[in-house]
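Heads up, the sequence shown is in UniProt numbering, so the first residue is 1 and it goes up one at a time.
By construction, the Cβ of each residue, glycine as well, lies at the ideal position given by its N, Cα and C atoms.
Here the structure is a predicted model, which is why all the values come from computation and not from measurement.
Input: a single structure, listed below in structure tokens.
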Amino acid sequence: MAGWTMPVQRASFRGVRFDVLSVDDDVYRSTIEHAYPFVNGADVEDLGLNPLTVRMQAVFYGPGYYTDFKKFLSVLQKSGAATLVHPIRGRLQNMICTGASFHHEAEMIDYVVLDLTFIESTPAKPIFVFNYSLLAKIDALLTELENVVDDAMALYGEFMEIVAFAANTKSRLLGVYGALFGCFEQVRGLFDFDKTKYGVSPVVTQDNFKAKSSRAVRDLVTMIDSGLRQIAARKDLTLRAKFDEVLRTIRQIKHIPADLVSGKNIKSAKEQAALKSLTTSFSKDDTESVHLMMQLASSVALLRIATELVEDDDLLPQDIEYITTQVRSQIMDNLQLLRKQADDEHRGEKITVLSTTNTSFYTAAHNTAEQLRNKAHKFTQLALAAINRKPPLMVREVPFSGTVQQIAHAFYQDHKRADELLRLNPQIRYPNFVERGEWLNSYVK
1 MAGWTMPVQR
11 ASFRGVRFDV
21 LSVDDDVYRS
31 TIEHAYPFVN
41 GADVEDLGLN
51 PLTVRMQAVF
61 YGPGYYTDFK
71 KFLSVLQKSG
81 AATLVHPIRG
91 RLQNMICTGA
101 SFHHEAEMID
111 YVVLDLTFIE
121 STPAKPIFVF
131 NYSLLAKIDA
141 LLTELENVVD
151 DAMALYGEFM
161 EIVAFAANTK
171 SRLLGVYGAL
181 FGCFEQVRGL
191 FDFDKTKYGV
201 SPVVTQDNFK
211 AKSSRAVRDL
221 VTMIDSGLRQ
231 IAARKDLTLR
241 AKFDEVLRTI
251 RQIKHIPADL
261 VSGKNIKSAK
271 EQAALKSLTT
281 SFSKDDTESV
291 HLMMQLASSV
301 ALLRIATELV
311 EDDDLLPQDI
321 EYITTQVRSQ
331 IMDNLQLLRK
341 QADDEHRGEK
351 ITVLSTTNTS
361 FYTAAHNTAE
371 QLRNKAHKFT
381 QLALAAINRK
391 PPLMVREVPF
401 SGTVQQIAHA
411 FYQDHKRADE
421 LLRLNPQIRY
431 PNFVERGEWL
441 NSYVK
């Protein structure tokens with residue numbers, strides 16, 4: 001049985017993820033029937049759609065299920081609407097959990113079944129509607145990122161056409177596929193993925209070269225995206241530390257092709273034998289196409305992770321600026337790499353192509369570059385919106401010596417904002433004693 005034709009997302013509510021067994025969406029229209037005596041039928045007045053109702057059967061299971069279950073119970077105590085990540089339809093805004101039931105069975109160890117009901121809330125629109133809110137920008141950017149992946153795959157497909165019709169077809173074909181095979185194995189080992197789920201055959205012919213290469217690159221992009229998102233989902237790291245760990249892994253991915261050529265990453269004799277069986281001339285030029293795809297996949301994953309991080313209210317303005325700078329730097333490196341490969345193909349340095357100009361390759365390269373520039377601009381606008389939604393920062397003098405909770409109450413009349421003061425002032429070493437006269441960063445309100 002074939003898999004889903006569209007990506008199935010991991011369901012979550014208020015940041016707590018859970019596995020879904022089934023989901024039912026109900027949409028009904030509100031109507032009023034005006035019946036008249038001695039007249040068949042009725043005049044039906046359409047009053048609009050009723051709220052969207054989503055019913056899910058979800059589960060928590062495994063050794064750590066009770067921790068996740070308690071975390072989900074705690075978020076259910078919060079009032080108001082929140083974002084529900086639907087496994088099929090994606091992010092649904094303004095959803096309220098109106099009902100939840102939990103079922104345990106003695107024979108099902110470490111396993112709980114949840115029946116959840118969510119209803120969409122449609123708040124009354126104000127007179128002046130701000131159409132470009134932060135959540136709208138986040139949803140739009142996350143949706144458009146899939147287009148970048150599609151354009152990148154189209155670009156790689158055009159490059160495969162060039163390789164397939166090259167004058168030195170056999171040697172070039174084996175070299176390019178050997179580079180792809182080697183990078184695939186290294187990325188899978190980097191994230192410790194299952195070989196049965198992500199596997200690539202070392203055997204290739206001219207007839208199945210394009211099909212095998214496209215399938216392997218698609219799995220390679222999926223592995224990079226899944227691996228980086230796993231790092232960003234770690235609960236033992238702060239938001240800034242998560243992002244730095246993702247950047248460190250991206251740098252590892254960046255060096256895989258060069259290290260593969262030099263033999264630095266080929267540790268086992270089995271890997272050496274597999275690569276030698278593919279080609280006898282494994283050069284740096286053969287790795288350029290897969291290197292570009294790996295960098296494009298890393299940029300898309302980094303954009304998606306950064307977009308989700310910016311949504312967090314705990315992120316400080318300086319952290320948002322840092323994330324934005326790193327994302328734009330990564331995209332700039334991709335644009336330079338893409339431009340270099342397009343120039344090399346135009347001059348015919350890396351491969352001897354047919355006499356006709358390959359305009360489809362240039363079109364795909366142009367579309368990919370425009371997508372990257374567009375997403376970099378939109379992410380910058382998103383970062384500005386995230387910074388502007390926070391109150392302005394100011395420096396205040398501590399009026400008396402005391403704990404950070406007492407200082408928070410003096411500043412805001414709310415001692416619960418002590419954690420906020422600690423985030424804004426990492427120089428505080430002893431939260432239980434802040435000396436009078438110190439200057440602390442704080443929000444205006």
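{"Check": "Local Cβ density within 10 Å of M56, reported as buried at 16 or more and exposed below that", "Outcome": "buried"}
{"Check": "Bridge partners - G402, DSSP secondary structure assignment", "Outcome": "V434"}
{"Check": "Coarse secondary structure for residue 448, derived from DSSP in three states", "Outcome": "Given a span of 1 to 445 for the chain in the structure shown, any question on residue 448 remains unanswerable."}
{"Check": "Endpoints, alpha helix (DSSP H) assigned at F18", "Outcome": "Taken as a continuous stretch (DSSP letters only), F18 belongs to no alpha helix (DSSP H), as it is neither H nor E."}
{"Check": "Own chain, CB closer than 6 Å to H104, minus 5 neighbours either side, in chain order", "Outcome": "V112"}
{"Check": "Close-in-space but distant-in-sequence residues of the same chain around V20 (CB under 6 Å, 5 per side omitted)", "Outcome": "A11, M56, A58, P87"}
{"Check": "L239 vs L309 beta-carbon contact at 8 Å", "Outcome": "yes"}
{"Check": "N- and C-terminal bounds of the alpha helix (DSSP H) containing L114", "Outcome": "Not the alpha helix (DSSP H): L114 falls in the beta strand (DSSP E), residues 111 to 120."}
{"Check": "8 Å Cβ cutoff met for S298 and I331", "Outcome": "no"}
{"Check": "6 Å CB neighbourhood of Y177 in its chain, flanking five on each side removed", "Outcome": "V204"}
{"Check": "Per DSSP, cross-strand counterpart(s) of residue 519", "Outcome": "With the chain covering only 1 through 445, there is no way to say anything about residue 519."}
{"Check": "Among K378, V444, K390, T368, the one whose alpha carbon lies nearest that of residue 464", "Outcome": "Nothing can be reported for residue 464, as the shown portion of the chain is limited to 1 through 445."}
{"Check": "Y177 (DSSP reduced to helix, strand or coil)", "Outcome": "helix"}
{"Check": "Given E285 as reference, the closest of I428, F13, Q341, D207 once Cα atoms are compared", "Outcome": "First, the residue type needs correcting, since residue 285 is Asp and not Glu in the sequence shown. Checking every option, the nearest Cα to that of D285 belongs to Q341."}
{"Check": "C-alpha distance - A154 paired with Q336, whole-angstrom precision", "Outcome": "19 Å"}
{"Check": "Candidates V148, R248, T67, K242, of which the one nearest L190 by Cα", "Outcome": "R248"}
{"Check": "Proximity below 8 Å, CB of A306 to CB of F361", "Outcome": "no"}
{"Check": "Beta strand (DSSP E) segment containing A100, residue limits", "Outcome": "90 to 104"}
{"Check": "Cα-Cα separation, T279 to L173", "Outcome": "Confidence at T279 is low in this model, with a pLDDT of 45, below 50, so the placement of that residue should be treated as unreliable; the coordinate-derived value is given next. C-alpha separation (whole angstroms): 9 Å."}
{"Check": "Extent of the continuous alpha helix (DSSP H) to which F60 belongs", "Outcome": "Run containing F60: none in the alpha helix (DSSP H); it sits in the beta strand (DSSP E), 53 to 61."}
{"Check": "Runs of alpha helix (DSSP H) lying entirely within the region 204 to 242, each at least 4 residues, in chain order", "Outcome": "209 to 232"}
{"Check": "L142 and K375 closer than 8 Å at C-beta", "Outcome": "no"}
{"Check": "Collapsed DSSP secondary structure at G48 in the structure displayed", "Outcome": "strand"}
{"Check": "For T122 and A418, the rounded distance between their alpha carbons", "Outcome": "33 Å"}
{"Check": "Span separating the alpha-carbon of R215 from that of V221", "Outcome": "10 Å"}
{"Check": "S442, DSSP secondary structure in three states", "Outcome": "strand"}
{"Check": "Given F209 as reference, the closest of K445, L180, R423 once Cα atoms are compared", "Outcome": "L180"}
{"Check": "Close-in-space but distant-in-sequence residues of the same chain around F102 (CB under 6 Å, 5 per side omitted)", "Outcome": "V112, L114"}
{"Check": "Inter-stretch contact (C-beta, 8 Å, three-pair minimum) for the region 378 to 389 and the region 311 to 331", "Outcome": "yes"}
{"Check": "Buried versus exposed, by CB contacts within 10 Å (16 or more), D151", "Outcome": "buried"}
{"Check": "Simplified DSSP state of D312, which is helix, strand or coil", "Outcome": "coil"}
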